[in-house]
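Mind the numbering: the sequence shown is residues 1 to 308 in the UniProt record's numbering, read in order. Where a beta carbon is used, it is the ideal one built from N, C-alpha and C, also for glycine. Written out below as structure tokens is the structure these notes cover.
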Amino acid sequence: MVISGGIMENEEKTELAGFLKTLPPVEFGCVYGSTLHPNNSDKSSMVDYILGVADPVKWHSENLKLNRSHYASWMVHLGGAKLITEVADGIGVGVHFNPFVTWNEKVRVLLDNLDVENLNAANLRAAVAAALLILPSKFNEEDLYSTICSLSYMGDLRMLFAEDKNKVKKIVQGQFYLFSSMYKPFIEEYEAKEILRVSSIGGQQKSLSQDYCLPATRSLVCSLPPLIRNKMGTQLGEKKIIGDSGRVVQEVVFSSREEAARSMQKVVRRTVMVSSLRQAVSGVVAAGGMNAGRYLANKVRKAWKSWI
């Protein structure tokens, strides 16, 4: 799963402190959503956030004492914290979903006690590599960021009926400078490797071109997450080589850029599809029928407006 975060000022991070005081301690927290970005023209009333904890059963046990209303009543009565965690892990993808926890402030925060920042850097680098595999030899910055953003929705079943058809475009255009700040180091990194060439075309946009040769393609594939590479290897085959570290590693075998791109897209699409389906079912179970129906109705209503 692709996780991306923005750059936030210290004073903005402290805005989450009031909310965290209502919860048991967490090791990681990130808040995202169009409402948080003043330059985003597509505002919404909902702020999404992710909380990471080392011991979910213990955390939910403590939160049940503090915030029993965060959970569907049947889960509380039938199994409590253990059932809540089992639903998240067994049906979903390890995430407990609650669409209607209320909070009065528009928080903007990144709390990290797990060194997620370094993991996120690897994630952002991989996202650029995946986007470059899909893009043509010449494109602009907005094309790059739109392709990166679309990776998260590739194969997502919600895009068929419960998401704004223009969502990716609105996200990128509304937060162009945020994307530019996030991905600039990785564009420069690939430029230093002579995989990318960057030139200014006036205004805020830059023109980019990329090397389409097989060595450049192999370098991009090597930057993909191990799970994606392994599944590509199952499709296309693998061979053993000596990596940069001197260790023997498995390299995906492909004969062309197009073959590598098709395989990667197929793997990403299936991965996102399975994950989104599992999490959707888990969300319905965890939120309860009424809350899940209300949440879905809001999403479908917004999606419908984008089509008319």
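Roughly how many whole angstroms lie between the Cα atoms of residue i and residue j?
i, j, result
"Ala216", "Ser152", "24 angstroms"
"Ser73", "Val168", "36 angstroms"
"Phe19", "Leu66", "13 angstroms"
"Ile148", "Ala130", "8 angstroms"
"Glu194", "Asp211", "8 angstroms"
"Tyr177", "Leu132", "20 angstroms"
"Trp57", "Arg257", "First, the residue type needs correcting, since residue 57 is Val and not Trp in the sequence shown. So the two alpha carbons sit approximately 45 angstroms from each other."
"Leu196", "Leu220", "11 angstroms"
"Val76", "Ile50", "21 angstroms"
"Asp55", "Leu64", "14 angstroms"
"His70", "Leu214", "51 angstroms"
"Ser223", "Val128", "9 angstroms"
"Asn166", "Lys240", "43 angstroms"
"Gly80", "Glu27", "22 angstroms"
"Thr22", "Cys30", "16 angstroms"
"Trp59", "Gly52", "10 angstroms"
"Ile228", "Ile242", "20 angstroms"
"Tyr183", "Lys266", "24 angstroms"
"Glu62", "Asn120", "29 angstroms"
"Leu208", "Val274", "33 angstroms"
"Ser200", "Lys206", "4 angstroms"
"Asn123", "Pro225", "8 angstroms"
Under three-state DSSP, which class holds residue i?
i, result
"Asn67", "coil"
"Asn118", "helix"
"Lys167", "helix"
"Pro25", "coil"
"Phe100", "Bear in mind that the predicted position of Phe100 carries a pLDDT of just 49, short of 50, making it too unreliable to give a figure here."
"Glu105", "Summary for Glu105: the model assigns pLDDT 41, below 50, so the residue's position carries little reliability; its value from the coordinates is reported in the next sentence. Coil."
"Leu110", "Because the pLDDT of Leu110 is 44, which lies under 50, any placement of that residue in the model is unreliable, and the number read from its coordinates should be weighed accordingly. Of the three classes helix, strand and coil, the one that applies to Leu110 here is strand, per DSSP."
"Gln173", "helix"
"Ser152", "coil"
"Asp89", "helix"
"Gly80", "helix"
"Ala127", "helix"
"Ala192", "helix"
Based on DSSP bridge pairs, tell me the residues matched to residue i.
i, result
"Arg269", "According to DSSP, Arg269 bridges with nothing at all."
"Ile50", "Cys30"
"Arg197", "Ser209"
"Phe139", "Leu208"
Are the C-beta of residue i and some C-beta of chain C separated by less than 8 angstroms?
i, result
"Ala126", "Structure shown: chain C not included; a single protein chain is present."
**Message:** Suppose only complete runs of 4+ residues qualify. What are the alpha helix (DSSP H) ranges in the segment 207-268, listed by chain order?
**Reply:** Entirely contained in the segment 207-268, the alpha helix (DSSP H) runs reaching 4 residues are, in chain order, 214-222 and 226-236.
**Prompt:** Between the segment 183-196 and the segment 73-90, do at least 3 Cβ pairs fall closer than 8 angstroms?
**Reply:** The segment 183-196 makes no contact with the segment 73-90, as fewer than three CB pairs between them are under 8 angstroms.
**Asked** Touching or not, the segment 231-238 and the segment 247-259, by the rule of three or more beta carbon pairs under 8 angstroms?
**Response** Note that the segment 231-238 touches the segment 247-259; at least 3 beta-carbon pairs, one per stretch, sit closer than 8 angstroms.
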